[in-house]
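The listed protein sequences correspond, in order, to chains V and U. Position one of the first sequence corresponds to residue 9 (our numbering), numbered consecutively onward. Position one of the second sequence corresponds to residue 54 (our numbering), numbered consecutively onward. Beta carbons: idealized from backbone N, C-alpha and C, even for Gly. Source: prediction; values computed, not measured. Take a look at the structure set out below.
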Amino acid sequence: MTKADIVENIYERVGISKKETASVVQTIFDTMKETLESEENVKISGFGNFVIRKKRARRGRNPQTGEEIEISARKVITFKPSNVLKDLINS
Amino acid sequence: MTKSQLIEIVTEKLAGSLSKKDAELIVNTLFRDMGDALKSGDKIEIRGVGSFKTIARGKRIGRNPKTGEKVEVAEKKAIFFKPGKELKERVDN
Chain V
9 MTKADIVENI YERVGISKKE TASVVQTIFD TMKETLESEE NVKISGFGNF VIRKKRARRG
69 RNPQTGEEIE ISARKVITFK PSNVLKDLIN S
Chain U
54 MTKSQLIEIV TEKLAGSLSK KDAELIVNTL FRDMGDALKS GDKIEIRGVG SFKTIARGKR
114 IGRNPKTGEK VEVAEKKAIF FKPGKELKER VDN
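Written out as structure tokens, the structure reads:
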């Protein structure tokens, strides 16, 4: 499933043009990205939470050469599916 | 940000061309469709955001941590999200 499929599914059920539907879907994803970029979590009830986690710097190793390298502190994003979604996919 | 805040912001951004009722309907439909796709085993790929997929975890013998009793844990599907390049970079700016 791609964004185009999502737009197609929604367009069939909402009484607005496909172009408008595409623009709304894009705005939804853009808003989620902007929020996460500002370090704020996104919580979608019934679907799941997108959470920003801060990772501390640590010493790592290049597994190919064995060389020690410093892995700098960074922020990563994780997704925690809601119980509703977990139950849905296992039903 | 919660789902209702997302609906508010999207409505504001597209003020004049989108009613709050339609914004609500579209947001709800979007996440429901994504859930349905995952349920049917489909993989979801949103360019710039990331991809979602399910993987099957086989049944296993677990233990009741309270009593130490062995119990069989049924097989189940787990959901994975892999952030896309753009989102990954923007979060770790």
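Could you check whether the Cβ of residue i sits closer than 9 Å to any Cβ belonging to chain U?
i, result
"LYS26 of chain V", "no"
"ARG64 of chain V", "no"
"ARG21 of chain V", "yes"
"ASN17 of chain V", "yes"
"ASN70 of chain V", "no"
Under three-state DSSP, which class holds residue i?
i, result
"LYS63 of chain V", "strand"
"SER57 of chain U", "helix"
"THR120 of chain U", "coil"
"VAL144 of chain U", "helix"
"ALA131 of chain U", "strand"
"THR10 of chain V", "strand"
"ARG113 of chain U", "strand"
"SER104 of chain U", "strand"
"ASN91 of chain V", "helix"
"GLU47 of chain V", "coil"
"GLY56 of chain V", "strand"
"VAL22 of chain V", "coil"
"THR73 of chain V", "coil"
"LYS27 of chain V", "helix"
Would you say residue i reaches chain V, if we count a Cβ-Cβ gap shorter than 9 Å as a contact?
i, result
"ALA76 of chain U", "yes"
"GLY56 of chain U", "Note that residue 56 of chain U corresponds to Lys in the displayed sequence, not to Gly. So, interface residue."
"GLY69 of chain U", "no"
"LYS73 of chain U", "no"
"LYS141 of chain U", "yes"
"LYS92 of chain U", "yes"
"LYS138 of chain U", "no"
**Asked** Along the segment 37-60 of chain V, what residues have a CB closer than 9 Å to any CB found in chain U?
**Response** Cβ contacts with chain U come from PHE37, ASP38, THR39, MET40, LYS41, GLU42, THR43, LEU44, GLU45, GLU47, GLU48, ASN49, VAL50, LYS51, ILE52, SER53, GLY54, PHE55, GLY56, PHE58 and ILE60.
Review point. Of all the residues that make up the segment 72-90 of chain V, which are near chain U by a beta-carbon distance shorter than 8 Å?
Key: Here the close residues are ARG82, LYS83, VAL84, ILE85, THR86, PHE87 and PRO89.
Check your understanding: Given 8 Å as the limit, is there contact between the segment 78-86 of chain U and the segment 10-18 of chain V, that is, 3 or more CB pairs closer than that?
Key -> Here the segment 78-86 of chain U makes contact with the segment 10-18 of chain V; the two share three or more CB pairs at distances below 8 Å.
Within the chosen definition, does the segment 20-28 of chain V reach the segment 62-80 of chain U through at least 3 CB pairs nearer than 8 Å? At 8 Å Cβ cutoff, the stretches touch.
* Asked: Per the contact definition of three or more C-beta pairs closer than 8 Å, is the segment 64-77 of chain V in contact with the segment 105-122 of chain U?
  -> Because the criterion of three Cβ pairs below 8 Å is not met, the segment 105-122 of chain U and the segment 64-77 of chain V do not touch.
Quiz prompt | Positions along the segment 104-130 of chain U whose CB lies within less than 7 Å of some CB in chain V | solution = Near chain V, meaning a CB-to-CB distance below 7 Å, the residues of the segment 104-130 of chain U are THR107, LYS129 and LYS130.
### Query
Touch check for the segment 37-48 of chain V and the segment 84-98 of chain U: three-plus C-beta pairs under 8 Å?
Between the segment 37-48 of chain V and the segment 84-98 of chain U, the count of Cβ pairs shorter than 8 Å is below three; the stretches do not touch.
Checklist entry - Using 8 Å as the threshold, is the segment 73-90 of chain V in touch with the segment 51-58 of chain V, meaning 3 or more CB pairs across them? => result With a cut-off of 8 Å, the segment 51-58 of chain V and the segment 73-90 of chain V count as touching, because enough Cβ pairs lie within range.
Taking 8 Å as the threshold, find out whether the segment 94-107 of chain U comes into contact with the segment 130-140 of chain U through three or more Cβ pairs. Contact between the segment 94-107 of chain U and the segment 130-140 of chain U is present, because at least three Cβ pairs lie under 8 Å.
Inset, instruction - Evaluate contact between the segment 67-77 of chain U and the segment 25-40 of chain V, counting only Cβ atoms and requiring at least three cross-stretch pairs below 8 Å. - result: Touching, yes.
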